[in-house]
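Engineer: Next up is a structure, given as structure tokens.
2 protein chains.
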Amino acid sequence: MTETRAKRGRPREFDRAAALTAATHLFWERGYAATSIGELTEAMGIRPGSLYAAFRDKKSLFKEVVHSYGRSPVGAFMGVALEEEPTAHAAFTRILREAAVIYSDPAHPAGCMTISAATNVTPQDAEVEAFLRNLRNENLDAFVARLHLARQAGELSDAANPHALAAYFATVIQGMSQRARDGAAAAELTETAELALAAWPAARH
Amino acid sequence: MTETRAKRGRPREFDRAAALTAATHLFWERGYAATSIGELTEAMGIRPGSLYAAFRDKKSLFKEVVHSYGRSPVGAFMGVALEEEPTAHAAFTRILREAAVIYSDPAHPAGCMTISAATNVTPQDAEVEAFLRNLRNENLDAFVARLHLARQAGELSDAANPHALAAYFATVIQGMSQRARDGAAAAELTETAELALAAWPAARH
DNA sequence: CGTCTTCTTGAGTGAGCGCTCTAAAATGGA
DNA sequence: TCCATTTTAGAGCGCTCACTCAAGAAGACG
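Top line first, the protein sequences correspond to chains A and B. Heads up: take any position in the first sequence, counting from 1, add 543, and you land on the working numbering. Heads up: take any position in the second sequence, counting from 1, add 543, and you land on the working numbering.
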């Protein structure tokens, strides 16, 4: 976070970004609650004291992991597609097709971390669960906003329901993440994406 | 399980079925790992010794909970629809519409327990995760089988892909469970279900 | 050099976990 | 009545958890 480089005192001996990447992999694979400080310190190559000095505590580390994940290509592809594609139909087509490939990419843990990393949680970790839930709902809001814009622009008929469509696509995406974690490969997820796109109202694209 | 009633020895003082229901509610709400023996015994109204005497251990209790859940209306509605409906289209239409209502029913925890109760799990609880994953994949297999039958019966064109369709519906259902746990109400889930049904190939129903 | 600041190390904290044990209590059968 | 059997209550087992602390190490600055 605070990247005030090389001031006074003993310099940090480990690569903070690399440690964050290692933590990301573990949290993504197992989720927040099922990942222990012991596993984290081992994967990050540091001792507990260093972890707490650099990242405050487990919750703060997790939140920073999620933020950096959200700025990575794998975590940001939806927002990028919404921005870059000229039409809503093109944006959601791209989102679903990319999700199929990204969620099943064996280069990293399956699925979307925001969707799956904090689903089974004790009451004292409820804050973490709510944190991810908010991100998911913000994403849904972005879908709704984009589809409202599309309707105003005439891409969708006035009869189309932006909220219903947005919720539908969010549902499919969350389901695809689950299927990826259950072992579904890119081929299956791509077929699912194509079928899901059949729900797009009117064929005027 | 073994319901050998009233043999010798001191009779059990608590209602085994009621205790199982209380455990179901907790596991459904929080998941396997985030539910402690202490919370279970309090909710079930018994002491740890009684729990272990009656249910063996935490894993066995959870598996029995899942089995009884699978035999309840809320847990068995998909299999029932697949059996009772004369056509695959009718079956999947009913499944999606019922899921919308059941997953968001405030009478019990949101979503499907089989989908959400063991997603963030430590390596030593991997068996529990695999147990639920197998149930999900068996459900997917049942979808595939039903759609194969439908194609043979001429309900679907030969060009239709039973596995792709089955995976698509499974994906939507798992996504609906997630959305329900994020607070989606029956109205939204029903809209999602109707949109999802638009993917059904050819309009010959 | 000495001092200040920060990081690293390794031991160790209290709390909560799943689970067990002992002894008393409650039944049926001999 | 007495014994065999099973359940109960309650204390407590060993272990792991997230987290802390004291002491030393490594740089910057005077």
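C-beta atoms are modelled at their ideal positions from N, C-alpha and C, and glycine is treated no differently. Being a predicted model, the structure only gives us computed values, none of them experimental.
#1: What residues of chain A sit near A710 of chain B, judged by a beta carbon separation below 9 Å?
#2: Looking at chain A, which residues of the stretch 647 to 677 of chain B have a Cβ within less than 9 Å of any of its Cβ atoms?
#3: Counting pairs of Cβ atoms below 8 Å between the stretch 563 to 577 of chain A and the stretch 649 to 659 of chain A, do you hit three or more?
#4: With A624 of chain A and I638 of chain A assumed to form a contact (beta carbons below 8 Å), what rounded beta-carbon distance in angstroms separates them?
#5: List the residues of chain B whose Cβ lies closer than 9 Å to the Cβ of Y575 of chain A, in chain order.
#6: Give a yes or no on whether the C-beta atoms belonging to L678 of chain A and G622 of chain A are separated by under 9 Å.
#7: Taking the CB atoms as reference points, tell me whether A777 of chain A and A727 of chain B lie closer together than 9 Å.
#8: Would DSSP call R614 of chain A helix, strand or coil?
#9: Are the stretch 737 to 744 of chain B and the stretch 693 to 709 of chain B in contact at 8 Å, needing three or more beta carbon pairs?
#10: Under 9 Å between the Cβ atoms of A707 of chain A and E734 of chain B?
#11: Counting only beta-carbon separations shorter than 9 Å, does I589 of chain B have a partner in chain A?
#12: What is the DSSP secondary structure of G622 of chain B, reduced to helix, strand or coil?
#13: On the CB-based measure, 16 or more other CB atoms within 10 Å of its CB, does A736 of chain A come out buried or exposed?
#14: T547 of chain B by DSSP, collapsed to three states: which one?
#15: Contact criterion: CB-CB distance below 9 Å. Does I752 of chain B meet it with respect to chain A?
#16: Between the alpha carbons of T636 of chain A and M587 of chain B, how many angstroms are there, rounded?
#17: Using DSSP with H/G/I as helix, E/B as strand and the rest coil, what is G697 of chain B?
#18: Give me the Cα-Cα distance between L732 of chain A and G592 of chain B, rounded to the nearest whole angstrom.
#19: Compare the C-alpha of A660 of chain A against each of A:Q667, A:A631, A:F674 and name the closest.
#20: Could you tell me whether the Cβ atoms of T657 of chain A and G718 of chain A are closer together than 9 Å?
#21: Starting from G581 of chain A and walking both ways along the alpha helix (DSSP H), at which residues does that stretch end?
#22: Any beta carbon from chain A within less than 9 Å of A713 of chain B's own beta carbon?
#23: Cutting at 7 Å between CB atoms, please list the residues of its own chain near L563 of chain A, excluding the five before and the five after it.
#24: Determine the chain B residues that contact M719 of chain A at a beta-carbon separation under 7 Å, and present them in chain order.
#25: For a contact defined as C-beta to C-beta under 8 Å, what are the partners of A643 of chain A on chain B?
#26: I'd like to confirm something about A576 of chain A: is its beta-carbon nearer than 8 Å to some heavy atom of the ligand NAD, or not?
#27: Distance, Cα to Cα, T578 of chain A vs H632 of chain A?
#28: Mind listing, in chain order, the continuous beta strand (DSSP E) runs of no fewer than 3 residues lying wholly within the stretch 604 to 689 of chain B?
#29: DSSP three-state call for P591 of chain B: helix, strand or coil?
#30: The alpha helix (DSSP H) spanning E572 of chain B covers which residue range?
#31: With 9 Å set as the bound, which would you pick, yes or no: does the beta-carbon of R694 of chain A sit closer than that to a beta-carbon of chain B?
#32: How would you write the range of the alpha helix (DSSP H) that G718 of chain A sits in, first residue to last?
#33: Could you check the C-alpha separation between Q542 of chain B and R573 of chain A for me, to the nearest Å?
#34: I'd like the list of long-range same chain contacts for A685 of chain B, defined as Cβ closer than 8 Å, with 5 residues on each side in sequence excluded.
#35: Should R724 of chain A and T662 of chain B be called a contact, given that it needs their Cβ atoms to be closer than 9 Å?
#36: On the three-state DSSP scale, how would you describe A739 of chain A?
Structural biologist: A quick look at the data gives this:
#1: Within 9 Å Cβ-Cβ: R722, A727, E731, L732, E734, T735, L738.
#2: For the stretch 647 to 677 of chain B, which is checked against every Cβ of chain A, the residues closer than 9 Å are I658, S659, A660, A661, T662, N663, V664, T665, P666, D668, R676.
#3: Taking 8 Å as the limit for Cβ pairs, the verdict is that the stretch 649 to 659 of chain A does touch the stretch 563 to 577 of chain A.
#4: Going by Cβ atoms, the distance from A624 of chain A to I638 of chain A rounds to 5 Å, so yes, they are a contact pair.
#5: Going along chain B in sequence order, the residues near Y575 of chain A (Cβ under 9 Å) are N663.
#6: One thing to note: L678 of chain A has its Cβ no nearer than 9 Å to the Cβ of G622 of chain A.
#7: Not covered by the structure: residue 777 of chain A. The range shown for chain A is 544 to 748.
#8: Helix.
#9: Touching, yes, given that three or more Cβ pairs across the two stretches are closer than 8 Å.
#10: Yes. Within cutoff.
#11: Chain A contact via Cβ: absent.
#12: In the displayed model, G622 of chain B falls within a helix according to three-state DSSP.
#13: Result: buried.
#14: Note that T547 of chain B has pLDDT 42, beneath the 50 cutoff, so the model's placement of it is unreliable and no number is given.
#15: In the structure as shown, chain B begins at 544 and stops at 748. Residue 752 of chain B is therefore absent and cannot be evaluated.
#16: Put simply, the backbone Cα of T636 of chain A is about 49 Å away from that of M587 of chain B.
#17: Three-state DSSP puts G697 of chain B in coil, outside helix and strand.
#18: Taking C-alpha positions only, L732 of chain A is separated from G592 of chain B by approximately 47 Å.
#19: Of the candidates A:Q667, A:A631, A:F674, the one whose C-alpha sits nearest the C-alpha of A660 of chain A is A:F674.
#20: Their beta carbons are not under 9 Å apart, which means T657 of chain A does not touch G718 of chain A by this criterion.
#21: Per DSSP, G581 of chain A belongs to the alpha helix (DSSP H) from 580 to 587.
#22: Contacts with chain A at 9 Å (Cβ-Cβ) include A713 of chain B.
#23: Same-chain partners within the cutoff: E607, V608, S611.
#24: For M719 of chain A, the chain B residues whose Cβ falls inside 7 Å of its Cβ are T714, in order along the chain.
#25: Residues of chain B passing the Cβ test: none, with the nearest at roughly 10 Å.
#26: No copy of the ligand NAD occurs in the structure displayed, which carries no ligand at all.
#27: So the two alpha carbons sit approximately 39 Å from each other.
#28: Not a single unbroken stretch of the beta strand (DSSP E) spanning 3 or more residues falls wholly within the stretch 604 to 689 of chain B.
#29: Shown here, P591 of chain B sits in a helix according to DSSP, grouped into three states.
#30: Taken as a continuous stretch (DSSP letters only), the alpha helix (DSSP H) holding E572 of chain B covers 559 to 573.
#31: Using beta-carbon distances, R694 of chain A does not count as an interface residue toward chain B, since no partner is under 9 Å.
#32: First-last of the alpha helix (DSSP H) with G718 of chain A: 705 to 724.
#33: There is no way to answer for residue 542 of chain B, as the model of chain B reaches only from 544 to 748.
#34: Around A685 of chain B, the same chain offers M621, G622, L625 as residues with beta carbons nearer than 8 Å, after the five sequence neighbours per side are excluded.
#35: In this structure, R724 of chain A places its C-beta atom within 9 Å of the C-beta atom of T662 of chain B.
#36: Helix at A739 of chain A.
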